[in-house]
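Scroll down for the structure; my scribbles are underneath it.
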Amino acid sequence: MPKLSDDNFSGRTKEFTTAAGNLLKTPGLVALAAVFVLAAWYSQAGILLATGLFLSTAGLALLWNRLSLAGVRAERQLNGTRFFPGEPIACTLRLFNRKPLPLPWVQLESDLPAGLRLDEPAGRAASETIRRSASLLWYRGITWKLRLTGARRGYHPLGPLKITSGDFLGLYSRARRTGSTEHVIVYPRIFPVDTRLVPSLYPMGEARADRRLFRDPTRAIGVREYVYGDELKSIHWKATARRGDLQVKLLDATTAFNVAIFLSVESFRDNGVLAEVDFELGVSAAGSIAAALCERGSPVGLFVNTRLADTGQPAAIAPGAGRGRVTEVLEALAKVTGRSSGPAAAFLEGQKERLTAGTTLIFILGRLPDRFSEQMADLRAAGFRLLVLLVGGHGEPAVPPDVPWRRIRHAGDLAGGPPP
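In the working numbering, each residue's number is its place in the sequence shown (first place is 1) plus 4.
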């Protein structure tokens with residue numbers, strides 16, 4: 005006899021049967037079987053007929069229920085996994101019955117994470133679960149087309165589908181989960197940015213410099229013979245092969261500055277409570293600035309002392325350029341959570357070795373963390389260019405007088421020109 009349970013499906017791949025009432029569970033059926041035997045023993049025809057009819061119906065229902073999910077398959081398809089807030093997500097659910105036994109009823113369910121919303125017809129209440137029901141004949145299938153919306157930034161899991169079916173009388177139901185967990189990435193909101201916010205961007209990359217601040221590894225202007233102490237990464241291997249001696253690339257100078265964006269998670273907490281509105285504005289500010297700079301071709305990096313939703317590690321992307329850099333940064337920001345990986349000052353100290361002198365550091369803060377004022381003075385003295393963006397309205401930051409800063413109270417402040 006199949007295992008009967010009133011408990012909700014636990015999420016394992018095993019199938020579970022649920023009875024519609026206590027009398028249909030194993031103890032109830034055993035008791036009725038005993039009554040049937042006693043009724044036969046004492047020749048009680050009415051009781052014998054009633055219990056026999058009930059037990060035969062329950063037995064047929066159990067058999068039907070046991071076979072109900074055999075050959076039943078379900079699948080979910082999304083038109084992508086990366087979206088911006090408010091962007092529609094096309095979702096297709098398919099259900100197939102690949103056996104000669106019809107399904108008088110079958111239900112398909114999928115839990116929705118908090119950051120995704122199902123677009124229902126007007127007048128229908130929003131739900132945290134996608135739920136669709138149908139009847140399926142033998143060897144038939146059905147398709148539902150739905151539209152989801154990324155309501156909030158985040159890394160949102162869509163778990164396995166839950167299929168539930170049962171017998172024609174509804175006495176028993178059987179459920180199992182199928183498929184794997186998919187993740188939908190919803191990027192932060194991107195707002196217009198005036199890049200004059202960022203110091204050291206004028207003149208920019210394509211301009212040649214009379215004073216050679218650093219060399220651009222993408223601009224080789226010639227070769228020379230190898231000298232002891234030259235880095236291996238500077239060797240020009242094709243020229244070496246042609247000439248037979250080690251040749252080193254001569255690199256042109258450039259004034260294109262790297263930009264590193266630092267977002268401090270705990271600076272948005274007050275007495276342990278996260279200021280979610282300001283925090284989300286800070287994340288969007290980081291994404292908006294990164295997108296604007298990547299569009300200009302500037303090397304951009306991102307550092308956040310968070311615990312990313314997928315790895316639990318902080319976000320640490322060294323400054324770099326390239327076609328996929330903006331996607332890499334936005335994906336990391338989508339996975340940023342309000343949980344801090346540690347103090348911002350210690351995190352910044354641990355990442356300094358990944359930054360070169362002349363890099364522009366943009367700090368996006370809710371409040372100025374402890375020791376940050378002293379660290380900014382040291383960074384300034386070490387040749388870094390600094391900008392502080394203070395998100396929200398939490399007092400005046402105690403920044404060194406030669407460090408520019410700007411208050412960001414709403415998205416429009418990002419387009420407000422250079423800092424005073």
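Ideal Cβ placement from N, Cα and C applies to all residues, glycine included.
Could one say the Cβ of residue i lies closer than 8 Å to chain D's Cβ atoms, at least one of them?
i    : result
L365 : No chain D is present in this structure, which holds just one protein chain.
Classify residue i as buried or exposed, calling it buried when 16 or more other Cβ atoms lie within 10 Å of its own Cβ.
i    : result
R212 : A caution first: R212 carries a pLDDT of 37, below 50, which makes its placement in the model too unreliable to give a value.
T363 : buried
R327 : exposed
T85  : exposed
S344 : buried
R223 : For R223, the predicted structure reports a pLDDT of 49, less than 50, and the residue's modelled location is therefore unreliable. The matter cannot be settled from this model.
G416 : exposed
G50  : exposed
R389 : buried
S268 : buried
P303 : buried
E91  : exposed
H160 : buried
G387 : exposed
R16  : Unreliable positioning characterises R16 in this predicted model, as indicated by a pLDDT of 44, which lies under 50. A coordinate reading is not provided.
So the alpha helix (DSSP H) residue i belongs to, where does it begin and stop?
i    : result
K149 : Not the alpha helix (DSSP H): K149 falls in the beta strand (DSSP E), residues 144-154.
T244 : 241-247
A141 : With the sequence shown as reference, residue 141 is identified as Leu, and Ala is not the correct amino acid for it. First-last for L141: undefined, no H or E at that position.
A381 : 376-385
Are the CB atoms of residue j and residue i within a distance shorter than 8 Å?
i    : j    : result
P89  : L141 : no
T199 : L334 : no
A322 : K339 : no
L165 : I93  : no
P192 : V287 : yes
T185 : G163 : yes
K18  : T96  : no
A24  : L175 : yes
G370 : S271 : yes
L366 : L393 : In the sequence on display, residue 366 carries Ile and not Leu. It is a contact, given that the beta carbons lie within the stated cut-off.
R410 : L236 : no
F40  : L71  : no
N426 : D171 : The chain is shown from 5 up to 424; residue 426 falls before or after that span and cannot be answered.
Could you check which residue in the options has the C-alpha nearest to that of residue i?
i    : options               : result
K29  : G63, L42, L150, F307  : G63
I293 : P31, V252, A419       : A419
G56  : A74, V76, V34         : V34
L119 : S302, L236, T341      : The question names Leu, but residue 119 in the sequence shown is Gly. Looking at the Cα atoms, T341 is the closest of the given residues.
A320 : L201, A245, E353      : E353
S169 : R181, L306, A155      : R181
R273 : T310, P405, V190      : T310
F195 : A74, E284, R228       : E284
L67  : L27, T133, R178       : R178
A325 : A295, T315, A65, Q317 : A295
L173 : H187, A65, Q317, G32  : A65
V403 : L59, G301, D382       : D382
Starting from residue i and walking both ways along the beta strand (DSSP E), at which residues does that stretch end?
i    : result
T55  : T55 -> not in any beta strand (DSSP E); alpha helix (DSSP H) instead, spanning 49-72.
P92  : 92-101
R77  : 76-82
R300 : First-last for R300: 280-300, but that is the alpha helix (DSSP H), not the beta strand (DSSP E).
E113 : 107-115
G170 : 165-170
Exercise. Is the segment 133-152 touching the segment 98-106 in the sense that three or more CB pairs, one from each, lie closer than 8 Å?
Worked result: Contact between the segment 98-106 and the segment 133-152 is present: three or more C-beta pairs spanning the two stretches fall below 8 Å.
Problem set entry | contact_flag[the segment 364-382, the segment 338-349] where n(CB pairs < 8 Å) is 3 or more | Contact holds: three or more Cβ-Cβ distances are below 8 Å.
Exercise. Would you say the segment 272-292 touches the segment 237-250, given that touching needs at least three Cβ pairs under 8 Å?
Worked result: Too few Cβ pairs lie closer than 8 Å, so no.
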